[in-house]
Structures are given as structure tokens and as C-alpha cells.
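Data first, discussion second: the structure below is written as C-alpha cells.
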Amino acid sequence: MHILVCDGTGCRSSQSGLISEMFRDELLRKGLKNEVQVIRTGCFGFCEKGPIVKILPDNTFYTQVRPEDTAEIIDEHIIKGRKVTRLLYLDPDTQEYVSDSKHMGFYKKQLRVALRNCGLIDPENIDEAIARDAYQALGKVLSEYTPEQTIDIIKRSGLRGRGGAGFPTGLKWEITGKNPADRKYVVCNADEGDPGAFMDRSILEGDPHSVLEAMAICGYCIGASNGLIYVRAEYPLAVKRLKVAIEQAHQYGLLGEHIFGTDFSFDIKLRYGAGAFVCGEETALIHSMEGKRGEPTNKPPFPSQSGYLGKPTNVNNVETFANVPVIILKGAEWFSSIGTEKSKGTKVFALAGKINNVGLIEVPMGTTLREIIFEIGGGIKNGKKFKAIQTGGPSGGCLTEKHLDTPIDYESLTAAGSMMGSGGMIVLDEDDCMVSVAKYYLGFIVEESCGKCAPCRIGNKRLYEILERITKGKAVPEDLDKLRNLCNVIRDTALCGLGQTSPNPVLSTLNNFIEEYEEHVFEKKCRSGQCHDLLYYVIDEEECTGCGACKRVCPVNAISGEKKQPHIIDQKICIKCGSCMEKCQFDAINLKNEYKSTTVSV
Amino acid sequence: MSTKTNTENHIANECPYNGSLPEVEVKIKLTADKIEKIDAICRSFDNDPGELINVLHETQSEFGYLPAEVQDVIAQNLRIPVAQVYGVVSFYSFFTMTPKGEHPISICLGTACYVRGSEKILEEFKKELKIEVGETTPDGKFSINCLRCVGACGLAPVVMVGERVFGRVSPEGVKQIIAEYNN
Amino acid sequence: MEMIKLTIDNKKIEVAEGTTILKAARQFGIDIPTLCHFELGDMGIENKPGGCRICVVEIEGRRNLAPSCITEVQEGMVVNTHNIRVINARRTVLELIISDHPFDCLVCAKSGQCELQHLATQLGIREIPYKGEQSTYRKDTSPSIIRDIDKCILCRRCEMMCNQVQTVGALSAINRGFMSVVAPAFEMNLEDSPCTYCGQCVSVCPTGALTEVDHTNDIIRALSDPSKTVIVQTAPAVRAALGEEFGMEPGTLVTGKLVAALRRLGFDYVFDTDFSADLTIMEEGTEFLNRIKRHMAGDTSVRLPILTSCCPGWVNFFEHNFPDLLDVPSTAKSPQQMFGAIAKTYFADKIGVNRNDLVVVSIMPCLAKKYECQRNEFKVNGNPDVDYSISTRELAAFIKLANIDFLDLPDEDFDDPLGESSGAGVIFGNTGGVIEAACRTAYELYTGKKLEKIEFEELRGLEGIRSATIDFDGLPLNIGIANGLGNARKLLDEVRAGTSNYHAIEIMACPGGCIGGGGQPYHHGNSEILRRRAAAIYTEDERKTIRKSHENPSIIRLYSEFLGEPGSKKSHCLLHTHYFPKSNEVTIHR
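Residue numbers (my numbering), protein chains in the order written: chain G, 239 to 840; chain Y, 904 to 1086; chain P, 24 to 613.
Dropping the structure here:
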């Protein structure tokens, strides 16, 4: 029997490490050490219900396990064979407990290709990866295919870059392969920087060998014997597991000189990011790997022509690589049978925000947003109303109700005004102010802009300032025109992909939620009540006793009223310090997102 | 004034440049063992300027931060201008020139945490500790930083103190977290 | 070479493969405005970060606008450089750049010469619709250069000059995003950085972010003080460039008008640095011959090659970067400082003025000279040998301030006795000129024979590193020449490694030599201007009757009346100097 304990970052932060320790101790105490194995795995995806514990072979899926539950699971489940019902997943619709993840709404529509081994193997044990076919594809390629044949398989599979732009992977390999050079490089972009996205992290933490293997295959195809993984320093666990995986692969002769006894040699080194979102852009990433400021440069030349140290360099992201070995083993036709006409295979998304089932999901391309939000995601939290879904992170946009039945692929998301991006999906409900959401992303961009080109450096700062004016009720109508013009110019003129897509959060909200912008600007009103400066202290005439306490405490004499008569706050004078509300003993003063100006007495 | 000619005066003042340059500045010095540590880190990367970021990572984990004089030693070892080292250090938010607190507090401002109210959590920490983002409390105990996505979105909003992750933090919970480290 | 056919603004054109859209357009008379882009093309200096986005154009079929300065032409490309989309984008970007720039053009040192100002006029900017926070920094004043980087637009030209061309490494882009700017490490003062004050950053800065320290007011004060005798020296390269400031063709020699203008400004004596350049040759040439002779006699204590030491930027550079080689350069002072030393001894005694009442002003193509005259070793009891140094640009502004009609001035001659010079002194302004002047004298002194041909063509040119072997009547002497500090570094690395086979090396910090100095009229990236200035210098040399330093009668008289022999004890005291190691260690004071 096996006890799988999720050791992804999410579950680790709710003490899954301690949970596996306690399982081991308990098994030792019960003399079951040799019969039952405790395995720390990568992310199961269902982070909302973490820590996750899974029992094999009966596939029992326990959720929100606490350290003190471990003894019970061993006593009841392992020893007596009785499932611990209270730790099973409770289906919110049927109110029934579900024990096998296959029958859970969260997993039903998922198809795990890139995440195939996450949650099933101990990522720090190469034997477990090999037992699940790791490095078989590499062996097959080295013994049966030429580089050209391999590239042809990838091309026919229809695999496209999962990092955002969706460039055909096979074609990229072919171009890099054809550029002659004494040295070439394979680079894995693991600088996942979208706030709210953790797909790559989960793969690196859960199944690092899939990436190493694919990089070696890519090296074979393009004629490179050096690989580099550029990984965020903020991902210490991923770094650790990569180091372990590389070392184990070396011990097994799966990396290094003469792999599988062939002439092909391939080695992989790690490079660390240092907190710069722009380094996800491939030219910036390359400069960063060279020890420089992570500033992008114009393309062309593309990295495939002149990349790391001026040599042809193939850059793919983690998820793209993770797909490669399966494609080799199962065939291009199998892969291309999944998905839509132009977007093949699956896509991993980090689903978060105001949704019941936060977590990491992988679905076939063509799945609709509705399926993701309401079936996999279990709907909106606390029964609120769905308002928008933000996809693609700071480069993407907000989609609304009317886009819910759009099948997800590269083209349709772009057509809808957002983009695939690397796969962050943030669900927003009626309590979210769309202007504030746009401002949040712009704030991120302003902080992360490298500063090299003027439109991004100054333009986004100005966009942010205008949005700030809007949320503070200080905007004038022309500001809306300025927003639009700036967005268009930044998109047209910025140097790199980050800059060119940076206005998307503003543009998409302008397009889909113009009425919210107009309310802020013309009526000085925020319908969701999120913009503090657009909230008003209002005295409830019914509740006010006219005691005058508020009037006395008001530092700017904004409150007037006769004794024992309802008082009134002059909104033009009020500085929103909140003293009156604190002072009022009758709960007569409330914060509201609008006020009736007609009640102002003279 | 003497009746000497300008020439005689000049020659009497012969070789005024033989005196040493006046020492006007106080140089910031590192102790020998610290310099040796930095040298060793640089050597482990073959003093390759292409490894600058790795060198900075290692050095920062050794010293906790990257003060000017440390960057200077690195520059000399890698044979690059110190301006270039500083250009890199000031570009990446991971590198810092001010020492962090004994318990560095990082508030996640990733989107998932943001929509679940992490800004309020940040405000609460700032209010409680009376410091701004990037600052350290006068007693050196706490410092506040922001980060983007720890990858624990299921637990949003998330706060990290050192390596430890606190999930589903509420503004009321902030005092509790601080109290835990403040005994 | 393959030719590419494309269409720009409905014009069908054909250009060589690899040409950028910007160059292709300009070849056919279509002007696309630029800002960050800068090149001294044939000198291998270029700055194309693609950062300002002013030169964007529309390429049909592409989603975004493309920067024309770095986008190469492709077969069949259809380019629009000025349609409404492009104009709007270009204007908006410029409005953005200006929104983060101080609006103090009235009192800006660069006003009238500012490329940003020029662009604002060209694109008709009348208001700033995108007002907002401006990035602000500390102002920094060094002996030569003022940094007011609130005005920095991040074109990165200075960074490129300081690092790629000069390899000084004082400047780097720092910070990120809105606060990014070019500055020394830790935003320390330039004075504490390894800056050499070569001024090349100033000469390429499109705005007023980097400007020279202006001493015009100090000079006006001295000139208006009746108790002071104010004398002026003018460097060779000034006369070949000053005319540009008055609308004259580049390469016009204005020596006579220059003298007349200085006289009208009220200087009591107008002298020539060319005179002290001749003096430099006497001292440096003698030192060179001595070292060669001792070396040939087997004295291993003498170091070869000997390096010239006229250029203060270069002196700063080796003090910072080659503190282990301080005994290699000649100990001879620069012509500016030799002039000061002679003026405040020999000349002051001659006219019976106390040195404290004698104000020596220099007009230089250079910003490092400002720093040089402040060095402690060039002072006697706190009184500097040269009081103020102003650049060619400052002098032009001064002449305009005094409302002197420069073009209408008669040609006048320098005063005696420090105004007479040979052609050898003049060519100090060009790269290769110092060593050519030295060869003219050293050859005749060493061989005792008269030179057949006075021009050493093999030493001329604008290439960064040049070398030639000169036959000293059977003794082959290997001469190296470097202009630009990056090139100097290459030669010095060889010296340090012991692989250099040169006997003498001339180094000038600025590309092209003093004619391309940091204090010269802005050339805005036109290398043709540098060529014409160089040609003018050689013309002046040809026009001289005396073309060898040792034949200059005033020099001969100076030695017989005052100094004795070249290299005499008195010469050493007055005309030679020492060098000091300068550490690049971090010193921070703000």
C-alpha cells in the first residue's frame, strides 16, 4: 500500500511535511513500516482542499487532512480497511462524500498530460519517474529517430509554446537546428512571473524529470549539448528538486556523456532569476543568464539566430517541455487528436480568485470557460455573482459572461481581447471593482517594467496615474480618451512583449466594463464599494438621535444639524477621516457608495 | 611678501606634488575574512562575469544583503566596473542593499491573494510595525516586503515569515502572527 | 551584395541587404526623426538600444510599429514613415518623454543645442497632456562635469561611450522601470567614481543631463578686476572647430578671428598653447631619446615604451586602471600645465606681476582640462598655474554674450613671447599629432640630419589603433597610436603583459584626438565633421614656416634665457610631474 502526501508548496504551507512525518512515525509504531510506503509527491492540483492525502491502490482521496488525523487514517483505513468518511470530499451539489477523485467535479473534466506524474510519484526519486516511463522517449529518439524525424513528430503533433504567444514548438526547433554554429543551447524558461500563476512551479516540483528529458530530446534535435534552466530564485523547492533530479539523472547516465551509450551528450545547468518579471521575455531572460540587467532587445535577431552568448538558442517554457516525452511515446496523432483545430493538446491553468475550487487544473484545449468555472471550479465562492475572469496575467484581459462559452484556445482568447498567457485564471465576482483590477495589474507592470523603452517606462506610469485618479474620484472625462490613446500607443510602440501587452488589462476592462469607468468618472461612484475614496459617510435619518457627538468630533465642521434633529454630513467638506462613525453610539453613520445630494440642507 | 621672484618662489616650493594626496575620504573597509569569503564565492564561479547573478545570490545568502563595499569586492574579482554590478543589483528586486529583519515578513500581492484582500493585510502589518515596505524595525526584528505569488493560491491571502507560510490570513490575524515572533 | 527592393512612403527603392529602414529612408531623402539612436558610423561607435521609440514606422502586415533604426529592410516590405497612426504614436511617445522631463529650458545649459527640444519643435508639441510624477535625483557637480539626471531620457549614449568606447565603466543604467537612469555605482558622485572626465558622455548627451562646469562667470569676474592681469592660451583643436558655433563650415580655420575675439573680450595677453606644445616636445622628446639610448646601452631600469602624457583624461585613466605602470608614461606635463608654469614664473617675472595677480585662462577642446588645472601638484601655495579652463563651447557662448560679430572680425596675431609656435605644436590637436611632432624633433636631434619629408603620413588617420615603424637612420622605432580609451586599454594590457614591442605610444582619450574632445561643438554623430577638423589642423601646419618644435625661436630663447637645457633641473621642477595611483575602491560621500 502507498500513502501519497502532497508536498507541493500549497500543501506544504499547511503542514503536509509534518503530516508525512507523522504517518511514518505511526507506521513505525504499528510495525507497518515495510508494508506501507509514505511518498511525498508533487502537487495534486486541488490546493483549495489541501493538504491532500491519497491512498493507493484504492484511490481514496482525503482532503484538508490535519496532522492529528494521521493516526486515525492508519488505524481505520490502513489497518481496518474503513475509509475515514469525514475527510473525504463532500460534493457541494449532491451533499455526498466522494472517495475517488475520478468522480469529483474538480477532476472529471480534466485531462492530465503535462501534469501526468504530478501527485503520483516522489519527485526526488528517479526510480519512480522511470517506473512511469521517464526517459523512455529519450531512449526511443536516440535509438530510432534522426533529429529531423523527431522534429517532424513534434511538428505534426501541433504542440505550441505554452508560455504565452503559442509559437509552434517543432518549427522553433527546426529553425534553431538549421542555424549553423559551433555551440547551441537549450534553455528552459522557468521564470514564471505572472502573479497568481504556479503551473511551471508545480511541474518542476512534481515531475522534474519530464522537463530534463524533453530538454535532452530538444538538444538532440537542434544539435546542442548544453541545457540551461532559468528558474526563479523565489522557488526554493523547485530548485532543490531540480538539483536532485539532475544529479540522479547523471548517476543513471541519462544526462552527461554518451547518453544510452550513443554519441549524444547533454548536460543541464541551473541559472537563477532574481525577481524581475520581464525576464520571462526570452531576450531579457538570455541577458539575465549572461549576468546582465534583464532588459529585452529587439527581435530580430531571434534567440534561434543569436541567443545565449551569441549562439543559437532554443527557449521553451516548462509546460511546453513537459508535453514532449508523451508526444514521442504516444505519437503525434494521439496528441493532435486532443484540442481544437489550431490548438492541440491540453493546457494547465492556475485557477484562483473568487472560486470554490482553487487549484491547478489541466484541460483539453477547447474546454469552455463555463466548464472551468462552474464545473471544475465549483462555481463562485459564497454564492456571489460571477463578474469576470482574468486570463493571461498582466498581459491578458478580463472576459465576461458573454465569453463563457468560448472554447479556450490561443486564437479565441486573443479574439476575445485577452490571451492564453502562461495560464493564470483569476475569477472575479460582483464585489470586485473592474477599474481597481485594471489598476492592480498596471501597478504590477509599473513595478516590473524594465525601463528601457519610453512607452512602457513612462506610458504605463501615466496609465496607472490616470487609473488612480479615476478610483479616487479625481478624474475628468478627457481622462478616458487619454487612457485609450495611451493604451493603443503603448501596444503599438513598446519594445518587448511585456510592454506591448501591458495595456491589455485596461483595454479589456474599458471594452467590457465601460459603464463602471463612467460611473467612477461622472458619478464619482464605485458600484462594488471597493474604492475607498468613493465611499461616503452618510447619517441615517431614522437612526440619528441628534445627540451632536459626531458634530463635535468632526475636525472640519462638515456636520450640521439642530439638537435632537437628524444631522447631515456635507460631502464637499468631509475628509473621510471616519471619526464621526467611530463616535456615533447609535450606528447611525454608515459608509455608502452613493449619497443623495438633494438632502443637503442649506 | 618676500622680494623673491615668482620663479624663485616656485622653485623654493620645488615639487609640491611630492607630498601625498590629502586623505579626505574615509573608505569603507571589510574585514579580511569577509573579503576572503567573497573571493571564495567568486572563485567557485571561476570569476566569470557571466555568473554575476549567481555570485550575487550566494553572497547575499552569506551576508543577508549586498552593501556597497561587498559589491566592490565582487566587481574587482570579476574584473567588471562596480557600476555594472550596481546596475544589476538595483535592477533585480531580489537583491537588497539593506539588511532584512531577523524575521522578514513577506506579504503576497499575487492576484489570487490581492482579490482576497492582501492589501488590507499589508496595511495592517505596516500599521502594527510602524514601518513601510522595504524597511526594517529599529530593533532589527521585522522587515516588510511584498512578493508576487508564492504558489499557494489555495490559501490566499498568504504571508510568509522567513520560510514559514501563513495561509488565509485575516487583518485580525496580523497581531497574532507578530506576537508569535515577539517574545 | 544582394539588393533589396522595398517601398517607403509610396517610393519604390532599392538598397543593400542589411540596411536599416532608417538608413534606407535617409538615402532617399525621407527623414525619420530619432532620439536615442547615435552613431559615429565609420569609427565603429554606435548606440542603438531601440529604447526611445521615436523612430517607429508602420510596416504593412505587422501588428506593431517597428523601430526603423534597428529594423532591417526585407524584400517587398511596404513602409509608412509618416501616416496618421505613426504620427500619433510618435507624438504621444514624445509627449510621454517630455512629461518626465523638467520644463526649465529657459535656464538649461543645453537650450538651443538640445535634441529633445529640437524634436519637440519638429513635432509641434504645444502642451503636455500626460502630466504626472517626474523622476527626480540628486544633482552632482564634479570638477569638470555636471550631472542633472532629472533630464536623463535614458538614451544610453553616455553609458555606451563610457563602457564600450572608453571602457572607463563609471556609468551604468541603474534601477528599474520609471526610476531607471544612468548613473555611477550607488549614485555616488562622479568625483568618487573612476570617471576620467574625458567628457565623451557630455559630447553625446542629447539633453542637458550631462553638461560641462561653466567657468565663464569666473573669467568675467577676473577680467573686470583691475588688479588682475588676465592672460589666455588656446589649444590647437579650438581653432579648427570654433567657427562651427558661428555657422561656418566644419573644418574652417579661425585662428586669427579667435585671437581678435579674445582680445575684444578684454584679455591682456592672448597666447597660444601651441607654444607650450612645442615645449612639451622638447621635454618629452628628450626624455624619449634618453630612455631609448639608455635602453640600448643595456640599462634594464628604464621602461619602454614611453607613453605620451598630454591628455589629462588619459592620465586619469592610467592612474585608475594601471597604477602598476605609473613609471611608463613620460613625466612631462601637458601643454596646458607647461604653459601655466612658464606663465606664472618666466612671464610673470618678465612683466613684473606677482603670480597671485596673474590669472591664466585656457581655452580647451576638453573637459578633463578643468579637472587638470585643479590638481594639487599644479599649484604653488594654493595658487593654480592655470586658473580657469573653458571649453570651445563656453568660449563661443562668451563671444556671443559679448555681442562680438565673430564672422566680421579681422585676423590678428598672438602676442609674444608665449604666442609663437611651430606646425608641430598645431598638430597636437589630432590623433597621431603628438607623436608626429615628437618624431620631427627626435629624428633630427638623434640623427643630426635634416628630415627629407616632414609629414609622417603613416602616423595619420582616424582608426582607433594605428602603428608604424619609423626609420631613425638605421634604428627602426615602433610607434603605436591609440585614440579612445578603450583602444588605449588594449595597448596598455599588452604593455602590462610584456608583449608590447612599441618604443613609444601616443594616447588621446577622445575618438579622433582633441578635435573630438568633450568640450568641442556638438557633432551630433556626424563623423565627417571630425574629418574636416583634422584636415584643418594639418592645413594650419602646412601654412607655417616653422614646422619643428626645436626650431621655434621663442622656445630657443626660453631655454637660453631661462630653462637652460631640456631636462635640466629647472625644467624638471617646472615642466615635469608625478602620477598617483587611484584606487577604484568604493568611497561614498553624498
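Think of the CB as a built atom: it goes at the ideal place given N, C-alpha and C, for glycine as much as any other residue.
### Buried versus exposed, by CB contacts within 10 Å (16 or more), Leu733/G
buried
### Task
State the CB to CB distance for the pair Arg570/P and Ser385/P, rounded to an integer number of angstroms; the pair is presumed to be in contact (CB under 8 angstroms).
Not a contact, Cβ separation roughly 24 angstroms.
### Bridge-paired residues (DSSP) for Asn70/P
Phe61/P
### Query
Which bits of chain G does Arg76/P rub up against, with CB to CB less than 8 angstroms?
Cys691, Ala692, Pro693, Thr731, Ala732, Leu733
### Query
Tell me, which residues are paired with Ile82/P by DSSP?
Val102/P, per the DSSP bridge assignment.
### Query
With 16 as the cutoff for other CB atoms within 10 Å, does Glu525/G come out buried or exposed?
The sequence as given places His at residue 525/G; Glu does not occur at that position. Looking at its Cβ environment, which holds 16 or more other Cβ atoms inside 10 Å, His525/G is buried.
### Message
Taking 9 angstroms as the threshold (beta carbon to beta carbon), is Thr610/P in contact with chain G?
### Response
Residue confidence for Thr610/P is low, a pLDDT of 48 falling below 50, so the modelled location carries little weight and cannot support an answer.
### Message
Please classify Tyr458/G as buried or exposed, where buried requires at least 16 neighbouring CB atoms within 10 angstroms.
### Response
buried
### Query
Based on the DSSP output, what are the partners of Gly662/G in its beta bridges?
According to DSSP, Gly662/G bridges with Ala588/G.
### Message
Am I right that Met184/P and Cys224/P are in contact with their C-beta atoms under 8 angstroms? What's the rounded C-beta distance?
### Response
5 angstroms
### Phe299/G in three-state terms, based on DSSP
Strand, per DSSP.
### Query
Under a three-way DSSP split, which group does Pro446/G fall into?
In this structure, Pro446/G counts as helix in the three-state DSSP scheme.
### Query
When you compare each of Asp438/G, Val562/G, Ile364/G to Gly396/G by their alpha carbons, which one comes out closest?
Val562/G
### Query
Under the three-state reduction of DSSP, which class applies to Leu146/P: helix, strand or coil?
coil
### Query
Should Thr562/P be flagged as near chain C, meaning a C-beta pair shorter than 9 angstroms?
Reference to chain C is not applicable here, since the protein chains of this structure are G, Y and P.
### Message
Which residues of the segment 695-706 of chain G have a Cβ closer than 7 angstroms to any Cβ of chain P? Give them in chain order.
### Response
Arg695, Ile696, Gly697, Lys699, Arg700, Glu703
#### Entry: Buried versus exposed, by CB contacts within 10 Å (16 or more), Arg354/G
buried
### Task
Grab me the residues of Gln210/G's own chain with a C-beta within less than 6 angstroms of its C-beta, minus the 5 sequence neighbours each way, in chain order.
Missing from the structure shown is residue 210/G; chain G here goes from 239 to 840 and no further.
### Distance, Cys688/G Cα to Thr247/G Cα
Spanning the two alpha carbons is a distance of roughly 29 angstroms.
### Message
Ignoring anything shorter than 4 residues, give me the alpha helix (DSSP H) runs that lie fully in the segment 321-387 of chain P, in order along the chain.
### Response
335-344, 358-365, 371-374
### Task
Taking only the alpha-carbon atoms, compute the straight-line gap between Asp234/G and Arg304/G and give it to the nearest angstrom.
Outside the displayed range of chain G (239 to 840) lies residue 234/G, so it cannot be described from this structure.
### Task
Please report the Cβ distance between Glu435/P and Arg286/P, rounded to the nearest whole angstrom; I am assuming they are in contact, meaning their Cβ atoms lie under 8 angstroms.
6 angstroms
### Message
By the three-class DSSP mapping on this structure, what secondary structure does Asn749/G have?
### Response
Three-state DSSP puts Asn749/G in a helix.
### Query
In this structure, what does DSSP give as the bridge partners for Glu95/P?
Looking at the DSSP output, Glu95/P sits in a beta bridge with Thr43/P.
#### Entry: Partner residues on chain Y for Thr247/G, Cβ-Cβ distance less than 7 angstroms
Result: Val1053, Gly1054, Ala1055.
#### Entry: Residue-level contact to chain G via CB, Thr1014/Y, 9 angstroms cutoff
With respect to chain G, the C-beta atom of Thr1014/Y has a partner C-beta closer than 9 angstroms.
### Task
Starting from Met636/P, trace the beta strand (DSSP E) both ways and give me its first and last residue.
Residue 636/P cannot be examined here, being either before or after the span of chain P that is shown, 24 to 613.
#### Entry: CB contact check: Pro616/P to chain Y, cutoff 9 angstroms
There is simply no residue 616/P to check, as chain P begins at 24 and stops at 613 in what is shown.
### Cutoff 9 angstroms: Pro538/G Cβ touching any chain P Cβ
yes
### Query
Nearest-angstrom Cα distance between Leu475/G and Glu25/P?
53 angstroms
### Query
Cβ of Ala1015/Y within 9 angstroms of Cβ of Pro743/G?
no
### Query
Are the C-beta atoms of Leu1025/Y and some chain G residue less than 9 angstroms apart?
no
### Query
Just by C-beta distance, which residues in the segment 1071-1085 of chain Y are closer than 9 angstroms to chain P?
Contacts with chain P (Cβ-Cβ distance below 9 angstroms) from the segment 1071-1085 of chain Y involve no residue at all.
### Query
Once you ignore the five residues that flank Glu528/G on each side, which residues in its own chain have a CB closer than 8 angstroms to its CB?
Counting only Cβ-Cβ distances below 8 angstroms, and skipping sequence neighbours, we find Tyr546, Leu547.
### Query
When burial is assigned at 16 or more other CB atoms within 10 Å of the CB, is Glu144/P buried or exposed?
The sequence given here places Thr at residue 144/P; Glu does not occur at that position. Result: exposed.
### Task
Tell me, to the nearest whole angstrom, how far the beta carbon of Val684/G is from that of Ala713/G; I am working on the premise that it is less than 8 angstroms.
So it is not a contact: roughly 18 angstroms between Cβ atoms.
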